[in-house]
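The sequence shown begins at 2 in the working numbering and counts up by one.
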Amino acid sequence: MTGAPATPESLAGEVDVSVIVATGREDGCQRLVDVVRQQFAAVGVPFEIVLVIDGLPRYQWISDADEDMRVLLMPRRVGIARARNAGVSAARGALLAFLDDDCV
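What follows is the structure in structure tokens.
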């Protein structure tokens, strides 16, 4: 990657941080999403969660009204590396953060 170093001014935008979570867990990761939302709300940083569901149906707890979350459904299991790469491609944040689906 080339270019000038990032500054706070250059990072400002609609989304500052994209939190990418690739998951293949049957039970979903709703608790993780709830905690990430609480953490970012506490500091007021614009964020998005990019949830990549690897080869499973969409989780029932996800709402289309979740404006802070983008959901990618992989039609078949592709593995964590490819799922994360799909999340990177969909991310809009100036900074990318990766969390495992079992983190809280």
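Think of the CB as a built atom: it goes at the ideal place given N, C-alpha and C, for glycine as much as any other residue.
In its chain, beyond the 5 residues on either side, P47, F48, E49, R93 and G94 have a beta carbon closer than 7 Å to the beta carbon of V16. Annotation for L97: S19, I21 and V89 place their beta carbon closer than 7 Å to its own, counting only its chain and skipping 5 residues before and after. Counting the other CB atoms within 10 Å of its CB gives V105 a total below 16, which places it among the exposed residues. According to DSSP, V18 shares a beta bridge with F48 and L96. Taking G25 as the centre and dropping the five residues before and after it, the same chain places the C-beta of D55, G56, L57 and R78 closer than 7 Å to its C-beta, in chain order. With a threshold of 16 other beta carbon atoms within 10 Å, A23 meets it and is buried. Boundaries of the alpha helix (DSSP H) harbouring R83: I81 to A91, taken from the DSSP string. In the assembly as shown, A87 is a buried residue. Its beta-carbon has 16 or more other beta-carbons within 10 Å.
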